[in-house]
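In what follows, a structure is listed as structure tokens, so that the remarks can point back to it.
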Amino acid sequence: MKVSVPDHIMSLKPYVPGKPLEELKRQYGIDDAIKLASNENPLGPSPAAVRAIEAVGRKLHRYPNGAGYDLAEALAARLGVQPGNIVLGNGSDDIIVMLARVLLQPGDEAILPRPSFLMYELAVRACAATPVEIPLKSYAVDLEAMLARVGPATRLVFVNNPHNPTGTLVSRPALDNFIDALPTGVVLVLDEAYIEFVRDANCPHSIDYVKADKIVIGLRTFSKAYGLAGLRIGYGVMPAFLAEILHRVRPPFNVNSLAQAAAVAALEDERFLEDTVQLVHNELDFLYTTLDGLGIDYVKSQANFVLIRVGKNADEIFENLLRQGIIVRSMNSYGYPDCIRVTVGLHDENVRFIKALKQVL
Ligand SMILES: *Cc1c(COP(=O)(O)O)cnc(C)c1O
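Numbered according to my numbering, the sequence shown spans residues 9 to 369.
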């Protein structure tokens, strides 16, 4: 080594994203490939957001509004909280990293479900803290087992609701009890990246807990239902005292001006959000019916993706689907060697996926 880097950094493995479409073109010469790997919006971005970006383009020589004033105001009004309860991030990933930085010291523990979104573990380890992983139970977050593991070193708990990669929910009564039982000083992060797609009326919402003065942080993103993954814009909703602490480490211009303007426009474009959610619901039902007909097992999802039990080596199925121009995610590295996760696409894309899946199985 030419420079000295701490062990807790050298032992990190970089996050592996879903395969980009361009790479498939390069590697396999396929140019009509479809990407159902990263839970993106199949309808694209909201046209209103694109127009907002074009308008801001002419002002790019200026620094962004460091406080994200307009967006924080718009979000606060919509959610019924104060702007001081909101911290904007360069994607919600950015908030996860900031949270770990301000709350975790070497030796501290953060409790998370296994499997779950890999960013939690990465952010925790980068602070020389210890991720304590609690296995899912029947594909759902096991709140009881998580609570049982909370100890004096616990600072943070991550719950992903709906859960990625299974699409399951924790129920409101179960989460109410969990929050009431958490010792003072432990911060609960409720990652709601897919909350817009939930159909179950029994779903808890982070905002309700924040309004009730619980030590809860809700994470939301514009990357999924709002179709703005490429812009990198997400936010956390939290007690004002925690927001003030996060602002101490937040880089001053972490959210660029295009993202701020596009997010404000996307928030106002309710029609686009409704269309997106409706499409995902219709297509989820189509996938369920088709998979049922084929006798293929899957987990019912409250998000815009489905965990499908392919019964065989998922890495191999993933490879074979790639060759047919369909990018999904193998769940092998997530501890499900017999599962793939597929994002709900446009109807034609889902039809093509099913056709290819039938073939490779
Ligand atoms: C996609 C996703 C996010 C969103 O990440 P961004 O950084 O906002 O793009 C957050 N959490 C989970 C579980 C996700 O799947």
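Beta carbons are placed, not taken as given, at the ideal position from N, Cα and C, and that holds for glycine.
Supposed close pair residue i, residue j - CB separation, criterion 8 angstroms
i, j, result
"Val64", "Ala311", "Val64 to Ala311, Cβ: 30 angstroms. No contact."
"Leu315", "Thr174", "5 angstroms"
"Pro247", "Val218", "6 angstroms"
"Leu275", "Arg86", "7 angstroms"
"Val95", "Leu254", "5 angstroms"
"Leu227", "Leu164", "In fact, because the Cβ distance is near 12 angstroms, the residues do not count as touching under 8 angstroms."
Residue i burial status per 10 Å Cβ neighbour count (16 or more: buried)
i, result
"Val105", "buried"
"Val197", "buried"
"Ala189", "exposed"
"Thr297", "exposed"
"Ser12", "exposed"
"Ala273", "buried"
"Leu183", "buried"
"Pro121", "buried"
"His69", "exposed"
"Asp277", "buried"
"Ser146", "exposed"
"Glu31", "exposed"
"Ile17", "exposed"
"Asn371", "Nothing can be reported for residue 371: it is not among the residues displayed for the chain, which extend from 9 to 369."
"Asn169", "buried"
"Gly238", "exposed"
"Val132", "buried"
"Ser19", "exposed"
"Gly76", "buried"
"Asp283", "exposed"
"Asp101", "buried"
"Arg258", "buried"
Where the beta strand (DSSP E) through residue i begins and ends
i, result
"Gly52", "Run containing Gly52: none; DSSP gives neither H nor E here."
"Val317", "Note that residue 317 corresponds to Arg in the displayed sequence, not to Val. It spans Phe313 to Arg317 - the beta strand (DSSP E) in which Arg317 sits, taken as one unbroken run."
"Glu141", "Thr138 to Pro143"
"Ala118", "Glu117 to Arg122"
"Arg228", "Val224 to Thr229"
"Asn264", "Unbroken run through Asn264: none, as it is neither H nor E."
"Arg163", "Thr162 to Asn168"
"Leu96", "Ile94 to Gly97"
"Asp208", "Where Asp208 is concerned, there is no enclosing beta strand (DSSP E), given that its DSSP letter is neither H nor E."
"Asp150", "Run containing Asp150: none; DSSP gives neither H nor E here."
"Glu349", "Residue identity check: residue 349 is Arg in the sequence provided, not Glu. Taken as a continuous stretch (DSSP letters only), the beta strand (DSSP E) holding Arg349 covers Cys347 to Thr351."
"Val197", "Val195 to Asp199"
"Val245", "Gly242 to Val245"
Own chain, CB closer than 7 angstroms to residue i, minus 5 neighbours either side, in chain order
i, result
"Glu357", "Ile42, Leu44 and Pro50"
"Tyr342", "Pro123 and Pro173"
"Val350", "Leu44, Phe313, Val314, Ile316, Val336 and Phe361"
"Gly99", "Thr229, Ser231, Arg240, Ile241 and Gly242"
"Pro260", "Gly74"
"Phe125", "Asn168, Asn172 and Asp199"
C-beta contact flag for residue i and residue j at 8 angstroms
i, j, result
"Leu151", "Val178", "yes"
"Ile225", "Leu266", "no"
"Thr162", "Val110", "no"
"Leu369", "Val318", "yes"
"Pro72", "Leu236", "no"
"Leu302", "Lys363", "no"
"Ile304", "Ile325", "no"
"Pro191", "Val158", "yes"
"Gly97", "Asn262", "yes"
"Leu130", "Tyr23", "yes"
"Asn93", "Val245", "yes"
"Ala437", "Pro114", "For the chain, the structure presents residues 9 to 369; residue 437 sits outside this window and is missing."
"Val140", "Ala118", "yes"
"Ala84", "Gln90", "yes"
Proximal residues to residue i (C-beta, below 6 angstroms), its chain only, five neighbours per side dropped
i, result
"Val288", "Phe205, Asn312 and Val352"
"Arg271", "The displayed chain sequence assigns Ala, not Arg, to residue 271. Counting only Cβ-Cβ distances below 6 angstroms, and skipping sequence neighbours, we find Leu79, Phe230 and Ile241."
"Tyr306", "Leu299, Val314 and Ile316"
"Asn47", "Lys232, Asn312, Phe313 and Thr351"
"Phe166", "Leu120, Tyr128 and Val197"
"Gln332", "Ala364"
"Ala56", "Ala273 and Asp277"
Start-to-end residues for the alpha helix (DSSP H) that takes in residue i
i, result
"Val11", "Element bounds for Val11: n/a, residue is neither H nor E."
"Thr373", "Past the edges of the chain, shown from 9 to 369, lies residue 373, and the structure says nothing about it."
"Asp184", "Arg180 to Ala189"
"Ile104", "Ser100 to Leu111"
"Tyr128", "Leu126 to Arg133"
"Tyr217", "Ser214 to Lys219"
"Leu44", "Element bounds for Leu44: n/a, residue is neither H nor E."
"Arg331", "Ala322 to Arg331"
"Tyr36", "Leu29 to Tyr36"
"Tyr234", "Careful: Tyr234 lies outside any alpha helix (DSSP H) and carries neither H nor E."
"Tyr77", "Tyr77 to Leu87"
"Val257", "Ala248 to Val257"
Chain-order list of residues whose beta-carbon lies under 8 angstroms from that of residue i (same chain, five-residue window excluded)
i, result
"Asp4", "This structure leaves residue 4 out entirely; the chain is present only between 9 and 369."
"Asn321", "Asn340, Pro345 and Asp346"
"Asp221", "Pro247"
"Lys33", "Asp39 and Ala41"
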